[in-house]
Structure formats: structure tokens, C-alpha cells
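Numbering (my numbering), first residue to last: -15 to 359. The C-beta atom is built at its ideal place from N, Cα and C for all residues, glycine as well. None of the values given here were measured: they were computed from a predicted structure. Here's the structure we're looking at; comments come further down.
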Ligand SMILES: NC(=O)c1ccc[n+]([C@@H]2O[C@H](COP(=O)([O-])OP(=O)(O)OC[C@H]3O[C@@H](n4cnc5c(N)ncnc54)[C@H](O)[C@@H]3O)[C@@H](O)[C@H]2O)c1
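In C-alpha cells form, the structure reads like this:
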């Protein structure tokens, strides 16, 4: 079946956002609605709440009417069939999946099943309805221990050290193979670095269940007094202050990267062919939309150390946050940050917000919602 065309106005384009009630998904829905897109959120609420969708609609104002919500899983073939049959879906932004690295080691079957099998079901049903435009949430984890920094998209991939990372690497392969077997597919793989921050309204943000796995949500809970001190794993790395350096990106910038990817797929931005760096360019479709596999890093291109993040968050919340130095964690690397020139040149996208702004927005969300959406 011929792929749906993205050569039309956002107002006429319907985007299925799987995992749209989650952290990155909810922010992406806000940006899509602001650009005029029609949005259907499909989420099983396994790591999110309906309240996030309500708040997305609130931020969007009148545009909130263009946001529908379906509660259910990407593993539910019948439900997906109904969603595609009842809505004129043009493209999918696929966030749905489990994402906790440590948990994935303990529950590999659940991770492979939800992330890999779920994506296979989604793509199969989408294809049957002529929808072959997919933006996929990948991760810098696919680079493993990178061969060089800043990491460009043609930095070789290395086997991830945990099942979560494996699912990302496998799904990149699956989606690339879909295009190799059927040139109608139009795929973008977005490799995120470390998304943090929250919407400036303070209405939506990251709402981790239990003790947070990631640095900034952890720091935020120390700031509201729910946790005693930040654990800093290793202060003897070959970096200026000895702590690990990562590329943190504001979630609003990241969300806008998805809108840029959709525009690019529709042939609306960027010039000429993708210039290699991992991407595979197909013949453009007769309507000017792209075919192929586009691969883009989404980061800021700047690295910040753990101590710099704690200092920035301390400035944002107005008090020195306590931290304790602990031994290095197995598998952690010293320095990891992105080269983002390709996204700038082809998607016309650059990250705008700096670390201070990320921490200010995280703090606003955390202090307005100390218990997340349950507050
Ligand atoms: N947050 C990060 O640091 C990061 C980094 C790189 C990549 N990613 C990827 O980006 C995507 C979104 O991440 P996030 O941080 O917003 O996570 P999140 O957990 O907040 O969002 C994922 C959403 O998917 C939903 N979900 C899970 N399984 C589902 C299923 N079978 N059917 C329907 N919905 C399902 C969850 O309820 C949740 O709302 C994930 O694929 C994640 O792996 C995240």
C-alpha cells in the first residue's frame, strides 16, 4: 500500500504519538499542537498518568481540542487496528516503551517484549493502513563506549551493555530494514542525549516512579527534601573536576526536534540529500516527501559535569545541595557529548536552552508538583 503523504499543512496532518503521556511525549504533544498538528496520544499509562494529557491540553489552550487520547498498549493489535481505521493517521512518533536501564537487566523478557514486540506490532498494523512515516526515539546508548567525542552520527555503534540499550539498537535495525525491503518507508531515528528540564509553565515534567534513576530528577528530589543527598559516582575521571561529563538537553528543545523531523520528512526543510553520516537516502516521492532512513543526534553539543549540574540546580533552587562522592559505577564512561551539526544543517534545528535554564524549569516543575502528577 502507498505510504501516506506528509506533503500537507500541519492542520491537515494527524500524528499518532505512542507514549505521548510520558515525559518526552507530553512535551512533544505541546509543540505539535502549537504548530497546528492533530494529535492522537496512545499510552497504556504504565509509566505516566492521564493528568499529563489533561495538562498538555491546558497548555495548548484552544489547540487542546486537537489532542485525542486512547488508553492502551502498542501490543494490542485490535486496538491499534481500530485507531488506524477510525483516524486518518499520517505519521507516527513512537515513544512508547520501557526505559529503566537497571530494571531491564532484571526483566529482559518484559523489555524485549514491550519495546521490540510492541514496535513490530505497531509497524505491522501501521503498514496495513498505509502509514510508513515513523519517527523513533532512539538513544545515544547505541554508541556504547564512543570511539570519539563529540559523537557524530557515523560514530560506529557498539553493543549496548544492557537489554534496554539492546532494544534501541535492535529497533534501529528493524526500522532500517523496513526501508531496505520497501522503499516507501520514511524513517527518522532520533538519538537523544540526556533530556532534562520541564515545560516553562511548570505544568508538565518528568514524574519518575520510586527513586529516580537519572541525575536531574534525583537532584530535584534532594532539592524538595525527599532525598538526603545526591550520590556522585566517581570523582577521578579524566575530566576537569573528575566527575562524568554528559550532554544535557532541555526537553522542550528535544520536543521541537521531533517537529523538525516531521517537517523534514515532508520535504519542507533542509536542502538536497542527506549527507551520509549514517543516513540512507531514497528517491524522494513524487510529492517531494522523503524516503529513506534519517539519523540525527539531538543534544546541545556541550558537555556538563555532574558537579556542574548540582551547582546549576543549587542556583535554581536557591540553596547548596548536598552530595556524597561514591565509587564509580560499572559501565559508566568519562565523557559523552554529541555533535549536532547534522540536525542543524538538515533539520534546521538547534537546541536553544542552557543548563541554567534546564535546571530552573526542572525546579519550577518539581516545586509546583513535589509528588509529580499525584500532587
Ligand atoms: N528519558 C531519557 O533519558 C531517554 C533517553 C533516550 C531515549 N529515550 C526514549 O524516549 C522514549 C520516551 O522516554 P520518556 O523519558 O518520555 O519515558 P516515559 O516512560 O516517560 O514515556 C514512555 C511512555 O510510554 C508508555 N508506554 C510504555 N509501554 C507502552 C506500551 N506498550 N503501549 C503504550 N504505551 C506504553 C508509558 O506509559 C510512558 O507514558 C522512550 O522510548 C525512551 O526509551 C528516553
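Check: Short check: CB of residue 3 to CB of residue 79, under 8 Å?
Finding: The residue labelled residue 3 in the question sits at position 19 within the chain shown. The residue labelled residue 79 in the question sits at position 95 within the chain shown. Closer than 8 Å, so yes.
Notebook entry, point to check: Which residues share a DSSP beta bridge with residue 207?
Noted result: Looking up residue 207 in the chain shown gives position 223. Residue 207 pairs with nothing; no bridge assigned.
Notebook entry, point to check: On the premise that residue -10 lies in contact with residue 246, defined as a C-beta separation below 8 Å, what is that separation, rounded to the nearest angstrom?
Noted result: Position 262 of the chain shown, counting from 1, holds the residue named residue 246. Position 6 of the chain shown, counting from 1, holds the residue named residue -10. Rounded, the Cβ-Cβ distance is 7 Å, consistent with contact.
Notebook entry, point to check: Between the beta-carbon of residue 321 and the beta-carbon of residue 285, is there less than 8 Å?
Noted result: Here residue 321 corresponds to residue number 337 of the chain shown, with the count starting at 1. Here residue 285 corresponds to residue number 301 of the chain shown, with the count starting at 1. In this structure, residue 285 lies closer than 8 Å to residue 321 by Cβ.
Next item on the list: Below 8 Å on the Cβ atoms is my guess for residue 88 versus residue 208; work out the distance and round it to an integer in Å.
Entry: Within the chain shown, numbered from 1, the residue matching residue 88 stands at position 104. Within the chain shown, numbered from 1, the residue matching residue 208 stands at position 224. The beta-carbon distance between residue 88 and residue 208, rounded to whole angstroms, is 28 Å. This is too long to meet the 8 Å contact definition.
Next item on the list: Out of 70, 62, 26, point me to the one whose CA is closest to residue 55's CA.
Entry: By one-based count along the chain shown, residue 55 stands at place 71. Comparing Cα positions, the closest option is 26.
Item checked: 8 Å Cβ cutoff met for residue 305 and residue 232 -> Position 321 of the chain shown, counted from the first residue, corresponds to residue 305. Position 248 of the chain shown, counted from the first residue, corresponds to residue 232. The answer is no: Cβ separation not under 8 Å.
Checklist line | Inter-residue Cα distance where the pair is residue 110 and residue 75 | finding: Within the chain shown, the letter at position 126 stands for residue 110. Within the chain shown, the letter at position 91 stands for residue 75. If you take the alpha carbons of residue 110 and residue 75, they lie about 9 Å apart.
Margin query: What I want to know is whether the C-beta of residue 179 ends up closer than 7 Å to one or more non-hydrogen atoms of ligand 3.
Written below: Here the bound small molecules are ligand 1; ligand 3 is not part of this structure.
Margin query: With the cut-off set at 8 Å, would you say residue 214 and residue 346 are in Cβ contact?
Written below: Locating residue 214 in the chain shown gives position 230, counting from the first residue. Locating residue 346 in the chain shown gives position 362, counting from the first residue. For residue 214 and residue 346, no; Cβs fall outside 8 Å.
Next item on the list: Counting only runs of 4+ residues fully inside the stretch 89 to 177, write out the alpha helix (DSSP H) ranges in chain order.
Entry: 92 to 95, 102 to 112, 147 to 165
Margin query: Checking 8 Å against the spacing of the C-beta atoms, do residue 282 and residue 177 come in under that value?
Written below: By one-based count along the chain shown, residue 282 stands at place 298. By one-based count along the chain shown, residue 177 stands at place 193. When the beta-carbon positions are compared, residue 282 and residue 177 come within less than 8 Å of each other.
Next item on the list: Starting from residue 14, follow the alpha helix (DSSP H) in both directions and report where the run begins and ends.
Entry: Position 30 of the chain shown, counted from the first residue, corresponds to residue 14. 7 to 18 is the extent of the alpha helix (DSSP H) around residue 14.
Note to self: In whole angstroms, give me the CA-to-CA distance for residue 242 and residue 251.
What the structure shows: Here residue 242 is taken as the residue at index 258 of the chain shown, counted from 1. Here residue 251 is taken as the residue at index 267 of the chain shown, counted from 1. The alpha-carbon atoms of residue 242 and residue 251 are separated by roughly 14 Å.
Check: Taking Cβ positions, are residue 288 and residue 240 nearer each other than 8 Å?
Finding: On the chain shown, residue 288 is found 304 positions in, with the first residue counted as 1. On the chain shown, residue 240 is found 256 positions in, with the first residue counted as 1. No, Cβ-Cβ distance for residue 288 and residue 240 is not below 8 Å.
Checklist line | Contact test: residue 77 Cβ vs ligand 1 heavy atom, cutoff 7 Å | finding: Counted from its first residue, the chain shown places residue 77 at position 93. Residue 77: no, Cβ never under 7 Å from ligand 1.
Note to self: Using the Cβ count rule (16 or more neighbours within 10 Å means buried), how would you classify residue -14?
What the structure shows: Counting from 1 along the chain shown, the entry for residue -14 is found at position 2. Exposed, because fewer than 16 other Cβ atoms sit within 10 Å of the Cβ of residue -14.
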